[in-house]
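All remarks here apply to the structure that follows.
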Amino acid sequence: GEDVEQSLFLSVREGDSSVINCTYTDSSSTYLYWYKQEPGAGLQLLTYIFSNMDMKQDQRLTVLLNKKDKHLSLRIADTQTGDSAIYFCAEGRGSQGNLIFGKGTKLSVKP
Amino acid sequence: NAGVTQTPKFQVLKTGQSMTLQCAQDMNHNSMYWYRQDPGMGLRLIYYSASEGTTDKGEVPNGYNVSRLNKREFSLRLESAAPSQTSVYFCASSEVSTGEILRGYTFGSGTRLTVV
């Protein structure tokens, strides 16, 4: 399909790991991105991965990329209530290199 | 603080009124974008500008016009607002080199527009 796909909701308990999944469409995308949007705020770049990498780790965040299946995941270790937000996956596409966003996964963290 | 600044943060319009949403970035980025965000629809690209003096339509351009005034500023105009344009509008900018976006977009904090 044409869309970047994400599940819409994820609920976890504080201290557990969260895994947010995304499938993208363009195998030629050079970079893939994760953005975080807190309530009432804009989107903040959380992390990104270059397409020749399989994994990128940044403190509590781990990004896994499976190019064969066009699957991207974001793992948040030791999830905290402050991680409650909407997480957007995005790929670079379009003649001008526009980013195409998924619809976002709303992460709810229960104490 | 460096980044993307949008004004106003909130606006209520009556159907048929016009207004311009302002966006400015101070990161010397060459590309700028306008998105709208609606529940269940994610982010949809309205217009973008790859460089000063150029603009192109995105996915949902109808009812909007844009102006890339200079490298810093990219404004979005609603000539005759409709209730369907009630949304949250985000401006973003990026550095693009040889067709590749470098380090993603930087977003503004958004304009929450209600058309009654």
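Line by line, the protein sequences give chains A and B. Residues in the first sequence are numbered from 1 upward in steps of one, following the working numbering. Residues in the second sequence are numbered from 1 upward in steps of one, following the working numbering. Idealized CB from N, CA, C, for every residue including glycine.
Identify whether residue i lies in helix, strand or coil by the three-state DSSP scheme.
| i | result |
| --- | --- |
| T81 of chain A | helix |
| Q44 of chain A | strand |
| S84 of chain B | helix |
| S49 of chain B | strand |
| H29 of chain B | coil |
| N52 of chain A | coil |
| L8 of chain A | coil |
| K57 of chain B | strand |
| R72 of chain B | coil |
| M41 of chain B | coil |
| D69 of chain A | coil |
So which residues of chain B does residue i contact, with C-beta pairs closer than 9 angstroms?
| i | result |
| --- | --- |
| T105 of chain A | Those do not exist, as T105 of chain A stays about 11 angstroms from chain B at its closest Cβ, beyond 9 angstroms. |
| T23 of chain A | Ordered by position in chain B, no residue passes the 9 angstroms Cβ test against T23 of chain A, which lies about 14 angstroms from the chain. |
If you compare alpha carbons, which of the options is closest to residue i?
| i | options | result |
| --- | --- | --- |
| G63 of chain B | B:E95, B:Q85, B:M32 | B:Q85 |
| S87 of chain B | B:F74, B:H29, B:N28, B:L21 | B:L21 |
Using a Cβ-Cβ cut-off of 8 angstroms, state whether residue i counts as contacting chain A.
| i | result |
| --- | --- |
| S18 of chain B | no |
| Y47 of chain B | no |
| Y89 of chain B | no |
| E100 of chain B | yes |
I want to see whether chain B comes within less than 8 angstroms of residue i, judged by CB atoms only; does it?
| i | result |
| --- | --- |
| L45 of chain A | yes |
| Y87 of chain A | no |
| L74 of chain A | no |
| N52 of chain A | no |
Find the residues of chain A that neighbour residue i, judging by a C-beta separation of less than 7 angstroms, and give them in chain order.
| i | result |
| --- | --- |
| Y64 of chain B | Within 7 angstroms Cβ-Cβ: nothing; Y64 of chain B doesn't reach chain A, min ~16 angstroms. |
Kindly list, in the order they appear in chain A, the residues whose Cβ is closer than 9 angstroms to that of residue i.
| i | result |
| --- | --- |
| F10 of chain B | Chain A residues near F10 of chain B: none, gap ~11 angstroms exceeds 9 angstroms. |
Along chain A, in chain order, which residues have C-beta atoms closer than 8 angstroms to that of residue i?
| i | result |
| --- | --- |
| G53 of chain B | In chain order: nothing, as chain A lies at least about 14 angstroms away. |
What first and last residue would you give for the beta strand (DSSP E) that runs through residue i?
| i | result |
| --- | --- |
| G104 of chain B | 100-107 |
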